[in-house]
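Per UniProt numbering: the sequence shown ends with 756, consecutive numbering throughout.
The C-beta atom is built at its ideal place from N, Cα and C for all residues, glycine as well.
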Amino acid sequence: MSTGRVRTKKKACSSDHSPDNFPVRSSGRQVKKKAAEAAADDDDEASEKKYRKCEKAGCTATCPVCFASAAERCAKNGYTSRWYHLSCGEHFCNECFDHYYRSHKDGYEKYTAWKRIWTSNGKSEPSPKAFMADQQLPYWVQCTKPDCGKWRQLTKEIQLTPQIAKTYRCGMKLNNSTKRVAEVSDHWWYSMLILPPLLKDSVAAPFLAAYYPDCVGMSPSCTSTNRLPGESNLVKLEHLKSVPNLTVAGMNKYFQPFYQPNECGKALCVRPDVMELDELYEFPEYSRDPTMYLALRNLILALWYTNCKEALTPQKCIHHIIVRGLVRIRCVQEMERILYFMTRKGLINTGLLSVSPDQYLLPKEYHNKSVIIVGAGAAGLAAARQLHNFGIKDRHCSFSILKKAIKCLFLKLGIKMHKLGEKCDLIQEGGRITDPTIDKRMDFHFNAILDVVSEWRKDKTQHQDVPLGEKIQEIYKAFIQESGIQFSELEEKVLQFHLSNLEYACGSNLSQVSARSWDHNEFFAQFAGDHTLLTVGYSTLIEKLAEGLDIRLNFPVQSIDYSGEEVHVTTADGTVWTTQKVLVTVPLALLQKNAIQFNPPLSEKKIKAINSLGAGVIEKIALQFPYRFWDSKIQGADFFGHVPPNSSQRGLFSVFYDMDPEGKESILMSVVTGDAVATIKNLDDQQVLQQCMTVLRELFKEQEVPDPVKFFVTRWSNDPWLQMAYSFVKTGGSGEAYDIIAEDIHGKIFFAGEVS
1 MSTGRVRTKK
11 KACSSDHSPD
21 NFPVRSSGRQ
31 VKKKAAEAAA
41 DDDDEASEKK
51 YRKCEKAGCT
61 ATCPVCFASA
71 AERCAKNGYT
81 SRWYHLSCGE
91 HFCNECFDHY
101 YRSHKDGYEK
111 YTAWKRIWTS
121 NGKSEPSPKA
131 FMADQQLPYW
141 VQCTKPDCGK
151 WRQLTKEIQL
161 TPQIAKTYRC
171 GMKLNNSTKR
181 VAEVSDHWWY
191 SMLILPPLLK
201 DSVAAPFLAA
211 YYPDCVGMSP
221 SCTSTNRLPG
231 ESNLVKLEHL
241 KSVPNLTVAG
251 MNKYFQPFYQ
261 PNECGKALCV
271 RPDVMELDEL
281 YEFPEYSRDP
291 TMYLALRNLI
301 LALWYTNCKE
311 ALTPQKCIHH
321 IIVRGLVRIR
331 CVQEMERILY
341 FMTRKGLINT
351 GLLSVSPDQY
361 LLPKEYHNKS
371 VIIVGAGAAG
381 LAAARQLHNF
391 GIKDRHCSFS
401 ILKKAIKCLF
411 LKLGIKMHKL
421 GEKCDLIQEG
431 GRITDPTIDK
441 RMDFHFNAIL
451 DVVSEWRKDK
461 TQHQDVPLGE
471 KIQEIYKAFI
481 QESGIQFSEL
491 EEKVLQFHLS
501 NLEYACGSNL
511 SQVSARSWDH
521 NEFFAQFAGD
531 HTLLTVGYST
541 LIEKLAEGLD
551 IRLNFPVQSI
561 DYSGEEVHVT
571 TADGTVWTTQ
581 KVLVTVPLAL
591 LQKNAIQFNP
601 PLSEKKIKAI
611 NSLGAGVIEK
621 IALQFPYRFW
631 DSKIQGADFF
641 GHVPPNSSQR
651 GLFSVFYDMD
661 PEGKESILMS
671 VVTGDAVATI
681 KNLDDQQVLQ
691 QCMTVLRELF
701 KEQEVPDPVK
711 FFVTRWSNDP
721 WLQMAYSFVK
731 TGGSGEAYDI
741 IAEDIHGKIF
751 FAGEVS
């Protein structure tokens, strides 16, 4: 039986020197020369057979070592007929390949068992190299001593866990060797990697059950990604596609970091199997094979969404990276880059986080920046909080608070949100509740009209745009003429209610709204989750956002001069503030009225975009009563509607919301929209209250309606620092205006808030 190495034979010399073998007589010098050449050839042949280089072009391993040591005749660091390359520094010999791949060898059963699991769960080829990388490569772990940080190779029988990775220290006797790992950081090392890393037991696995694990950076061999016995890929995927809004145990139901294959895109969510454009721009090295980036990005997102109350740091992530081989070192090194990028992008580490000065969310190179944020509303305060947590100097600041971000903030504060139900009885003046079948029929006709508007606008340019109200009236009249249908007086009133609801959504009467672009935002990803009510009010959020920030109130900004290297902000009292960057978050109405002078002036393109949008106005009234007189009639509904007696009163207290569905308080809130806003503009608060109470007493005519003990009327249209509620696209405008307004100016002036 031969050993694992090939022994070289020495040439016999006695017969070579016999006269029979030398028909031509040679001199003694020639004989000696030939003997020396023959000896040199023998040495070369012996060396070639004792050592064999890796055949992978560019591999730096001159004398490979087999990491597997599985076969009895393993070459170790000696000769083998072929070295299989996994990375520079990780090879296995042909003998160990045969040990698992040949059906008569001892390791074949283990390989085929792994192959069955891999095939049932994954999409990639279950090759011997994939088996070796997934099952046989040793784990590497970094010493957690602050003064050490060395990387150690675990013995073969040790399975790396997050706990071991989190607590490992040199001297724990888990390692059997050390190895130089500096080359792993080099770009060429990663380019020589044969297979991308696939994480084991990733925290992201429960989120991504509808995807092939190896397409989202996870190993198909792990129990967390295993399918039921006999369940095919197609069967599982079809089952998951039929289950909307997949949730994960322990995760808030409003948080969905990834969208499922059966869903459209959701705002602030990502596709777990694809890099987005800004990711490719930031990490071009992963454009050819994004697996490693996706594995780490998906892990980071999953960790953040399982606990968004604490800042997510690289140190909290790295011990969750479970993957065999030297590539784990590379993953740990890349984790920090990816996490900082995702923090800057606003996908993680947002909201009300308590961040100490020695634990800022971004590295030190960001800390020496100064930012002044003009506008201290909800948007400004959110940006100030985020910049503060980044470690950037700030005065008072702004940022877009989105629906999902708000829910995240409430969760951190421990504030419960009440999910709004769908029931909304429409009550007529006189107290009668409208037959639900009439409401459904008119809702159907109303939506059918909007569908016709959508068809009409498909081939229309901005110059062909018309007011939405005009187009709706045109379609409605055409329908009546062509169908011969006559709606009853009540049905006409219910239609007016639905039109008032549309004016509520747009923040304007429909005569000003673009028929072509009234719902432009619907073409973009929408936020996940239910419609909810914050019963304690938004002031709780505003106060928390403002804590610890440098906010300068009563300093109206008059001008922003960005003509030099630094930006100068001048306030009404003549004070000049100097900074590197300015974030403008003032309402659209103030930009339209040139409340702030820019030097140089804003571009024509930006000014045109600002003026192409409408500064929408609605008003609200809140009323607190001595008791809940409405409970018995609306029977647990969260809101009820007011059917207007005629079109001229459309939008005047059209919906009433129960602001405390738990029944502890007796508060109703109503809205004034469309043309009705103008009717109350010049009334004092007491007169507005009287009109509202007249409506309520008509809706609940069969019973006594008490006078409110407190009430409050908003005056957003009259507030000098607001002058609006929210924006809309005016006739002849386009949704692209929002993108144009959001564009920065020379990397110095930035815009945020509702209009961007």
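Unbroken beta strand (DSSP E) run spanning residue i, endpoints
{"i": "Ala-615", "result": "613-616"}
{"i": "Tyr-726", "result": "726-729"}
{"i": "Glu-619", "result": "619-624"}
{"i": "Val-184", "result": "Per DSSP, Val-184 belongs to no beta strand (DSSP E) and is neither H nor E."}
{"i": "His-642", "result": "639-643"}
{"i": "Ile-158", "result": "It is not in any beta strand (DSSP E) - Ile-158 carries neither H nor E in the DSSP assignment."}
{"i": "Ser-219", "result": "Where Ser-219 is concerned, there is no enclosing beta strand (DSSP E), given that its DSSP letter is neither H nor E."}
{"i": "Tyr-657", "result": "652-658"}
{"i": "Lys-710", "result": "710-713"}
{"i": "Asp-451", "result": "Not the beta strand (DSSP E): Asp-451 falls in the alpha helix (DSSP H), residues 436-456."}
{"i": "Met-669", "result": "667-672"}
{"i": "Ser-559", "result": "557-561"}
Length of the line joining the Cα atoms of residue i and residue j
{"i": "Ala-725", "j": "Pro-314", "result": "41 Å"}
{"i": "Ala-68", "j": "Phe-92", "result": "6 Å"}
{"i": "Asp-573", "j": "Leu-495", "result": "52 Å"}
{"i": "Ala-525", "j": "Val-274", "result": "16 Å"}
{"i": "Lys-129", "j": "Leu-193", "result": "12 Å"}
{"i": "residue 758", "j": "Glu-743", "result": "Nothing can be reported for residue 758, as the shown portion of the chain is limited to 1 through 756."}
{"i": "Gln-723", "j": "Trp-716", "result": "6 Å"}
{"i": "Met-442", "j": "Lys-710", "result": "36 Å"}
{"i": "Glu-470", "j": "Glu-429", "result": "28 Å"}
{"i": "Arg-288", "j": "Cys-317", "result": "25 Å"}
{"i": "Val-452", "j": "Phe-446", "result": "10 Å"}
{"i": "Gly-753", "j": "Ala-382", "result": "10 Å"}
{"i": "Leu-160", "j": "Ser-356", "result": "32 Å"}
{"i": "Lys-9", "j": "Arg-152", "result": "Low per-residue confidence applies at Lys-9: pLDDT is 38, beneath 50, and the placement is therefore not dependable, though the value from the model is reported in the following sentence. Between Lys-9 and Arg-152, the C-alpha separation is close to 41 Å."}
{"i": "Gly-421", "j": "Asp-638", "result": "6 Å"}
{"i": "Gly-641", "j": "Pro-284", "result": "54 Å"}
{"i": "Pro-290", "j": "Tyr-281", "result": "13 Å"}
{"i": "Gln-142", "j": "Gly-149", "result": "6 Å"}
{"i": "Ile-472", "j": "Leu-450", "result": "7 Å"}
{"i": "Ile-348", "j": "Phe-97", "result": "43 Å"}
{"i": "Ala-113", "j": "Ala-737", "result": "58 Å"}
{"i": "Asp-739", "j": "Phe-341", "result": "22 Å"}
{"i": "Phe-479", "j": "Glu-492", "result": "14 Å"}
Range of the contiguous alpha helix (DSSP H) that encloses residue i
{"i": "His-389", "result": "The identity of residue 389 in the sequence shown is Asn, whereas the question assumes His. 378-390 is the span of the alpha helix (DSSP H), which, as asked, contains Asn-389."}
{"i": "Ala-302", "result": "291-306"}
{"i": "Leu-352", "result": "Per DSSP, Leu-352 belongs to no alpha helix (DSSP H) and is neither H nor E."}
{"i": "Leu-722", "result": "Leu-722 -> no alpha helix (DSSP H), and no H or E assigned at all."}
{"i": "Gln-691", "result": "685-699"}
Cβ-Cβ separation, residue j to residue i (assumed contact under 8 Å), whole Å
{"i": "Lys-266", "j": "Phe-527", "result": "7 Å"}
{"i": "Cys-88", "j": "Cys-63", "result": "Contact flag wrong, Cβ pair sits at about 13 Å."}
{"i": "Phe-700", "j": "Gly-431", "result": "6 Å"}
{"i": "Val-575", "j": "Glu-566", "result": "The sequence shown places Thr at residue 575, not Val. No, Thr-575 and Glu-566 are not in contact; Cβ-Cβ is about 15 Å, not under 8 Å."}
{"i": "Ile-373", "j": "Leu-199", "result": "Not confirmed; about 39 Å, so no contact."}
At least 3 beta-carbon pairs within less than 8 Å: the region 255-264 vs the region 327-338: no
Ranges of the beta strand (DSSP E) found wholly within the region 82-150, counting only runs of at least 3: 83-87, 90-93, 140-142
Any 3 or more C-beta pairs closer than 8 Å across the region 200-219 and the region 97-105: A contact between stretches requires three or more CB pairs, one per stretch, nearer than 8 Å, and the region 200-219 fails this requirement with the region 97-105.
Uninterrupted alpha helix (DSSP H) stretches inside the region 480-554 (no shorter than 4 residues): 489-506, 539-546
Contact between the region 513-525 and the region 725-744 (3+ Cβ pairs under 8 Å): yes
Segments assigned alpha helix (DSSP H), at least 4 residues, entirely inside the region 568-609: 588-592
Touch test, the region 464-479 against the region 601-619, Cβ-Cβ under 8 Å, three pairs minimum: Flag = no, the region 464-479 and the region 601-619 do not touch.
Contact the region 365-385 vs the region 575-595: 3+ CB pairs below 8 Å: yes
Stretch-stretch touch, CB-based, cutoff 8 Å, three pairs: the region 622-639 with the region 665-674: yes
At least 3 beta-carbon pairs within less than 8 Å: the region 596-609 vs the region 558-573: yes
Cβ pair count under 8 Å reaching 3, the region 313-332 against the region 137-150: With a cut-off of 8 Å, the region 137-150 and the region 313-332 count as touching, because enough Cβ pairs lie within range.
Cβ contact (3+ pairs, closer than 8 Å) linking the region 670-682 and the region 631-651: Under the three-pair Cβ rule at 8 Å, the region 670-682 counts as touching the region 631-651.
Segment contact flag, the region 206-218 with the region 293-303, C-beta cutoff 8 Å, min 3 pairs: yes
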